Amino acid sequence: MERCGSAPLDDVPMVLAREGQHGPVIHAANRIARIEGIQPGSRVVDMRAICPELQVAYADEAGDHAALDRLVLWARRWCPWTVRDANNGLILDTTGADHLWGGEAEMLVEMETQLSLLGLTARLAVAPTWGAAWALARYGPVRSVCEPDEAYFKLGPLPVTGLRLDDPTVLLLRRLGLKTIGAVMDVPRLSLTRRFVKAELHANPLMRLDQVTGKLAEPVSSVDVKPVIRVQARLAEPIFDPTPYLPDLCEDLCEQLKEAGQGCRRLHLTVYKTDGDVSHIDVATSASTHDPAHLHSLFRDKVERINPGFGFDLITLAAGTVEDMQDKQTRLDGGSDNDLHLTKLIDRLSAKFGPHAVTRPVLHQSHLPERAETQIAALAEYPNKGAPLTKERPLRLLDHPEEVRVLFAVPEGPPAQFVWRRQTHRVARYAGPERIAPEWWKDRPGTRLRDYFKVEDQVGRRLWLYREGLHEDGRGGDPRWFVHGMFV
Amino acid sequence: MGSLRVFKTLTGQGKQPVTMPHTLSEAFLSPPTDASAVGFALSQLPPTNAPILWAQDRLSRKEAGRPALAGMPADRPIIMVDLSRAADVLWAMEDGLRCHALGAVIGEVWGDPPSLDFTATKRLAMRAEAADVSCWLIRRAASPDLSAARDRWRIASLPSTPHPYDPQAPGAPRWSLDLFRSRRSKPGQWVATYDGAADRVHLVASNGDRAVEPRDGAVWERATG
């Protein structure tokens, strides 16, 4: 939906799909789609048969997880203990925090208001245990509040799916005639124990019931927020160039990083303009660092790209992707480290020319010359090397082989003369052919084989020519000739 | 050390240099698509395992291709910097020469860009000498104007030596080397034979023999006995 940029209409059945075993299955459905009878987990084609006007979009599950993780931290405004619950819920341990909002019911209203301001629809419930809150929020009345002693009455009428059981167990309970949580509660404990003694937690109604009633503990283990390392400069008057403030900001930031024993891989410079607009500059380093001079040098040519508008009065510099880092001294006299110099050089080059301009070619296992090399990041490790070639290879390769017009004595043999870049080269000596077949597991069918020749012309230029295809090989017309490289 | 080996041969008649510091050398190619200068520069680099910083501008890459790892004489890491303008190539080379961890810096510049003037080459030369990193500037389709490069070469391919086993095939490559300006040794011209397996350059002075007189070898002048 974010890609569309607008919320879906309420009166159109809309579902999110994910890849299942036999084609896409329904991941989630909106209210009107659920009323039409569409169930999550069923196949999209089947549901299209039920509801022909169904609209399908693909679910972004990783994005949903990340958004929910952010929401977990955002929900810390109500209580200090928050945690994500599976992939569609939040659990807040509000013990001792509700009086700040004037009671539990008022707290729920406040939460729903704030979440709706974010554009989110929420179903909320307060209960003494995680399991009870889970069931009440999904199957109970709106904003229900459950006191510790009324769990039986509040939860009794809810369906057994509210016990967080897997589908086979729910089906089993239905077949046993146990349709509500209250019905399961009424079964003698001994019978349930005997029936489900070997079942896991997600298939064991008794353990789930104990979690709901609090006999089995289910604590909320809250995640820690990483402290944000950020410095800012508030200016008395709007300025147009942040350059004079950058060295101090970098030093302050590196002080904070050093105190935490960390180094940063990314830096985000943000300027807040007086007209309310915001500009960003991001730089990245190839190894974690907390060297202020180096970090400052990465911004050297980028600051000019800020459009100052009417000037800006607040500059913030934040460290992103913070890693643990320890200062290493490699030499007794405290001299410089060569590897460190290399990483800094790569950073400077990548910051100025972009990360794609600085690469490291490595050998790759392929016989085709253009695939025998791959580009990796300049400082990346590359353990497995390609097999060493025994054949002679040219020192330079053209990115795109250039077609030449040739004269040949025999069609299978080397050319006698060829015209390349409007110059006629007479072949004095040649070596070859070396036949390189297409990689059938990768190439399209109909790709022609190549016969490579090393030729030397009358003035001593040594070129690598190839003929694509054979005469009468049934894969196109006459074979074509290309120049692919130059030998030393 | 690669540079020492050649210059020992070069300066045989003059003063023998004790140590030859790494510095900026410039190589001009007569047909721009020739790969001989790159091969010669690679054979002159110190035989360490340190990475090579290799900067190319766009035209060099389009016209003369990129260096292929499979054809390199020695297996050493290369950091490729693909740039569009000659000024950026010079910037990257100069920045790379601040780093002692590099084994060499090679830059390829097409034509005579205005940014590649005497000042730029002087800066490169001084940085290379300060960092003791050898630096090669490979210039294609260029005219040898004013430059502060310590050695300036003009390099072209010659027909290769006969192949030992196959009379039709080209053998070991031969280059004509013309050191037309040098700060530290005597300029001269050589014919070099490159031994790819041993990564070694053999040099012969090209002015050893003069051309044979057309009358020489005629029947009535042939020496007898």
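Protein sequences appear in the order of chains A and B.
Going letter by letter, the first sequence gives residues 31 to 518 in my numbering.
Going letter by letter, the second sequence gives residues 827 to 1051 in my numbering.
Yeah, the Cβ is synthetic: ideal placement off N, Cα and C, and Gly gets one too.
Because the structure is a prediction, the values reported are computed rather than measured.
Asked                                                                                                                          : Found
S1002(B) (DSSP reduced to helix, strand or coil)                                                                               : strand
Under 8 Å between C-beta atoms of L185(A) and A167(A)                                                                          : no
N-terminal and C-terminal residue of the alpha helix (DSSP H) that G865(B) is part of                                          : 862 to 869
Below-8 Å beta-carbon distance, V907(B) vs any chain A residue                                                                 : yes
beta-carbon R892(B) near the ligand NAP non-hydrogen atom, thresh 7 Å                                                          : Only the bare structure without any ligand can be found here, which leaves the ligand NAP out of the picture.
V313(A) and A381(A) closer than 8 Å at C-beta                                                                                  : yes
P189(A) and Y169(A) closer than 8 Å at C-beta                                                                                  : yes
Simplified DSSP assignment, three categories, for L495(A)                                                                      : strand
Alpha carbon of H501(A) to alpha carbon of V485(A), nearest angstrom                                                           : 21 Å
Nearest residue (CA-CA) to A47(A), options I65(A), D473(A), H57(A)                                                             : H57(A)
DSSP state of F270(A) mapped onto helix, strand, coil                                                                          : coil
CA-to-CA distance, I259(A) to D908(B), given in whole angstroms                                                                : 34 Å
Residue-level contact to chain B via CB, V86(A), 8 Å cutoff                                                                    : no
First through last residue of the beta strand (DSSP E) which encompasses V55(A)                                                : 53 to 59
Rounded C-alpha distance that separates R831(B) from P873(B)                                                                   : Confidence is the limiting factor: at R831(B) the pLDDT is only 46, short of 50, which leaves the residue's position unreliable, though a coordinate-based value still follows. Answer to the nearest angstrom: the Cα atoms are 12 Å apart.
Paired residues, beta bridge with P189(A) - DSSP                                                                               : T210(A)
For D196(A), three-class secondary structure by DSSP                                                                           : coil
Contact under 8 Å by Cβ, M898(B) with W880(B)                                                                                  : no
Segments assigned beta strand (DSSP E), at least 3 residues, entirely inside the region 283 to 349 of chain A                  : 292 to 303, 308 to 319
N- and C-terminal bounds of the beta strand (DSSP E) containing L437(A)                                                        : 426 to 438
Residues that G1014(B) contacts on chain A, provided the C-beta gap is smaller than 7 Å                                        : Here the premise fails: no neighbours, minimum Cβ distance about 20 Å.
Cutoff 8 Å: D429(A) Cβ touching any chain B Cβ                                                                                 : yes
Chain A contact for G828(B) (CB, 8 Å cutoff)                                                                                   : Only weak support is given to the placement of G828(B): the predicted model assigns it a pLDDT of 40, under 50, and the value that follows is read from those uncertain coordinates. For G828(B), the answer is no, since every Cβ of chain A falls outside 8 Å of its Cβ.
Boundaries of the alpha helix (DSSP H) in which P82(A) is found, first to last residue                                         : No alpha helix (DSSP H) contains P82(A), which DSSP labels as neither H nor E.
Beta strand (DSSP E) segment containing S221(A), residue limits                                                                : No beta strand (DSSP E) holds S221(A); the alpha helix (DSSP H) holding it covers 219 to 225.
Chain C contact for M516(A) (CB, 8 Å cutoff)                                                                                   : As a matter of chain content, chain C is missing from the structure shown, whose protein chains are A and B.
Short CB-CB distance (under 8 Å) between E502(A) and chain B                                                                   : no
Contacting positions in the region 914 to 934 of chain B - beta carbon closer than 8 Å to chain A                              : D914, W917, A918, D921, G922, R924, C925, H926, A927, L928
Contact check, P927(B) vs S960(B), beta carbons under 8 Å                                                                      : Strictly speaking, residue 927(B) in this sequence is Ala, with Pro absent from that position. No; because the gap between Cβ atoms is not below 8 Å, this pair is not in contact.
Collapsed DSSP secondary structure at A991(B) in the structure displayed                                                       : Inspection of the sequence shows that residue 991(B) is occupied by Tyr rather than by Ala. The answer is coil: DSSP assigns Y991(B) none of H, G, I, E or B.
Residues, ordered as in the chain, of the region 973 to 990 of chain B that lie near chain A by beta-carbon distance below 7 Å : S983, L984, P985, S986
Three-state class that DSSP yields for L148(A) in the structure shown                                                          : coil
With 16 other Cβ atoms within 10 Å as the buried cut-off, status of L236(A)                                                    : buried
Nonlocal neighbours in the same chain, by C-beta distance under 6 Å from P178(A), ignoring five residues either side           : P158
Cβ-Cβ distance between I345(A) and Y275(A) below 8 Å                                                                           : yes
Check whether R965(B) and T849(B) have beta carbons under 8 Å apart                                                            : no
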